[in-house]
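Under UniProt numbering, read the sequence shown as residues 1 to 34, first letter to last. No residue lacks a Cβ here, since even glycine has one placed at the ideal position from N, Cα and C. Worksheet: one structure, shown below.
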Amino acid sequence: MTAAITAATMTAATMTAATMTAATMTAATMAAST
Numbered sequence: 001m002t003a004a005i006t007a008a009t010m011t012a013a014t015m016t017a018a019t020m021t022a023a024t025m026t027a028a029t030m031a032a033s034t
């Protein structure tokens, strides 16, 4: 049970980090193209 919760939390954290990275890359691309 605990392992499942831990795995879910890690997955959510990874997805959040990936989203933040994508947002940063998008912002950087927009800034560069301006």
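Just how far apart, CA to CA, sit residue i and residue j?
i     : j     : result
THR24 : MET1  : 35 Å
ALA28 : MET15 : 20 Å
THR9  : ALA17 : 12 Å
ALA32 : THR26 : 10 Å
ALA12 : THR6  : 10 Å
ALA4  : MET30 : 39 Å
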